[in-house]
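Colleague: All residue numbers for the sequence shown refer to our numbering, where the first residue is 1181 and numbers rise by one. Pasting a structure below so you can have a look.
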Amino acid sequence: MKPILALAALAAPSSSGPSPSPTVEPPPLKCEKGPLDRSYGGTAWHVFGCDDKATLVFWAATGNPAAPFYFISFPKGEKRELYGEGNGDKKATAPAFEALKGLDSAAIAALLAEAEQAAAAPAQPPPKQ
1181 MKPILALAAL AAPSSSGPSP SPTVEPPPLK CEKGPLDRSY GGTAWHVFGC DDKATLVFWA
1241 ATGNPAAPFY FISFPKGEKR ELYGEGNGDK KATAPAFEAL KGLDSAAIAA LLAEAEQAAA
1301 APAQPPPKQ
């Protein structure tokens, strides 16, 4: 079973005072392409691509002491941001954060392309017993 990941807008404009026109918030981000199974910082992660074709979500796999936890990597201007959230063991999330922070643009592009291919691939039937 594939978890369904939907994330709210990453950088919605905010204001402390009244706005002359209503703020339009972007639609939620759907991150359902994948999963790709990878290891970062010595622990297992499921990687999902998002429908914007630029954002990646790294979800702690079952048995990962970081769970429940996720990281999201998204473009912001010329750079990428990496954000994490959850209640997992920080001894497991910290090495994963450092590994993910070190991914270069080629590695990010490869993960995005692979997640896109996984989404386009037809579902495989379960093996016959």
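Note that CB positions come from ideal geometry on N, CA and C, so glycine has one too. Just so we're clear, the structure is a prediction, and the values are computed from it rather than from any experiment.
Going by DSSP, which residues form a beta bridge with K1213?
Modeller: In DSSP, K1213 forms a bridge with G1229.
Colleague: How many Å lie between L1283 and Y1220 at the Cα?
Modeller: For L1283 and Y1220, the distance between alpha carbons rounds to 10 Å.
Colleague: Among E1294, A1287, L1216 and S1285, which residue has its Cα nearest to the Cα of F1238?
Modeller: Looking at the Cα atoms, L1216 is the closest of the given residues.
Colleague: Rounded to a whole number of angstroms, what is the C-alpha to C-alpha distance between F1254 and C1230?
Modeller: C-alpha separation (whole angstroms): 10 Å.
Colleague: Output the distance between the C-alpha atoms of A1287 and V1227, rounded to the nearest integer angstrom.
Modeller: The alpha-carbon atoms of A1287 and V1227 are separated by roughly 13 Å.
Colleague: Please name the residue in K1281, A1240 and G1222 whose C-alpha comes closest to that of K1259.
Modeller: Taking only the C-alpha atoms, the option nearest K1259 is K1281.
Colleague: With a CB to CB cut of under 8 Å and the five nearest residues on each side skipped, what residues in its chain are close to G1268?
Modeller: Result list for G1268: A1240, N1244, P1245, A1246, A1247, P1248 and F1249, in chain order.
Colleague: In the DSSP assignment, the beta strand (DSSP E) including L1236 goes from what residue to what residue?
Modeller: Element bounds for L1236: L1236 to A1240.
Colleague: Compare the Cα-Cα distances from F1277 to each of L1292, Y1263 and A1290 and report the closest residue.
Modeller: Closest option to F1277, Cα to Cα, is Y1263.
Colleague: From C1315 to A1300, what distance separates their C-alpha atoms?
Modeller: With the chain covering 1181 to 1309 only, the question about residue 1315 has no answer from this structure.
Colleague: At what residues does the beta strand (DSSP E) containing E1296 begin and finish?
Modeller: Looking at the DSSP string, E1296 is not in any beta strand (DSSP E); the run it does join, the alpha helix (DSSP H), is S1285 to A1300.
Colleague: Kindly give me the distance between the Cβ atoms of K1213 and E1296, rounded to whole angstroms, as I take these residues to be in contact under 8 Å.
Modeller: With a Cβ gap of about 6 Å, K1213 and E1296 count as contacting.
Colleague: Ends of the beta strand (DSSP E) at P1245?
Modeller: No beta strand (DSSP E) contains P1245, which DSSP labels as neither H nor E.
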